[in-house]
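**Student:** Below is one structure. I have some questions about it.
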Amino acid sequence: MPDRPPCRCLLAEANPDLALTVREYVESLPPGIRVPEDVYRRRLDRCEQCPSLRGGTCALCGCYAEARAAKRGLRCPDVPPRWREAP
Ligand code: SF4
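Here it is in structure tokens:
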């Protein structure tokens, strides 16, 4: 039987145990590094609609979407970006 392809979903659905670890990591980021929660949610909303999301991992950069979206100064690696650096 062939393997099922990875779901187009965030870690919270694809791997809840790993999602908890990533969430703890995100919550450990200092405020100067971490985006506000509303920005984080908007970025992840874009990731959830994105065809490059594979089982919680961005196929374009290899990052866990829930980790990448949490950091100021990072942007979506797609061209054009589906979300940008600011704030
Ligand atoms: S970071 Fe960008 S390319 Fe990667 S999954 Fe999210 S929206 Fe898609």
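Residue numbers (this note's numbering): 1309 to 1395. Idealized CB from N, CA, C, for every residue including glycine. In this text the structure is predicted, and so the values were computed from the model without any measurement.
Is the separation between the beta-carbon of residue 1359 and that of residue 1316 shorter than 8 Å?
**Tutor:** Within the sequence shown, the letter at position 51 stands for residue 1359. Within the sequence shown, the letter at position 8 stands for residue 1316. Yes.
**Student:** Are there 16 or more other CB atoms within 10 angstroms of the CB of residue 1351, so buried, or fewer, so exposed?
**Tutor:** Along the sequence shown, one-based indexing puts residue 1351 at 43. Per the 10 Å Cβ criterion, buried.
**Student:** Following the continuous alpha helix (DSSP H) through residue 1334, name the residue where it begins and the one where it ends.
**Tutor:** Counting from 1 along the sequence shown, the entry for residue 1334 is found at position 26. Residues 1324-1336.
**Student:** What are the boundary residues of the alpha helix (DSSP H) that includes residue 1378?
**Tutor:** As a first step, residue 1378 must be located in the sequence shown, where it is residue number 70. Note, residue 1378: premise wrong, no alpha helix (DSSP H); not H, not E.
**Student:** Answer yes or no: the CB of residue 1336 versus the heavy atoms of ligand 1, is any distance below 7 Å?
**Tutor:** By 1-based counting over the sequence shown, the position of residue 1336 is 28. False, no ligand heavy atom lies under 7 Å from that Cβ.
**Student:** Could you give the distance in angstroms between the alpha-carbon of residue 1381 and the alpha-carbon of residue 1347?
**Tutor:** Position 73 of the sequence shown holds residue 1381. Position 39 of the sequence shown holds residue 1347. Between residue 1381 and residue 1347, the C-alpha separation is close to 12 Å.
**Student:** Could you tell me which of 1355, 1387 and 1311 sits nearest to residue 1260, measuring between CA atoms?
**Tutor:** This structure cannot speak to residue 1260, because the chain is shown only from 1309 to 1395.
**Student:** Kindly indicate which three-state DSSP category residue 1342 falls into: helix, strand or coil?
**Tutor:** Walking along the sequence shown from the start, residue 1342 turns up at place 34. Strand.
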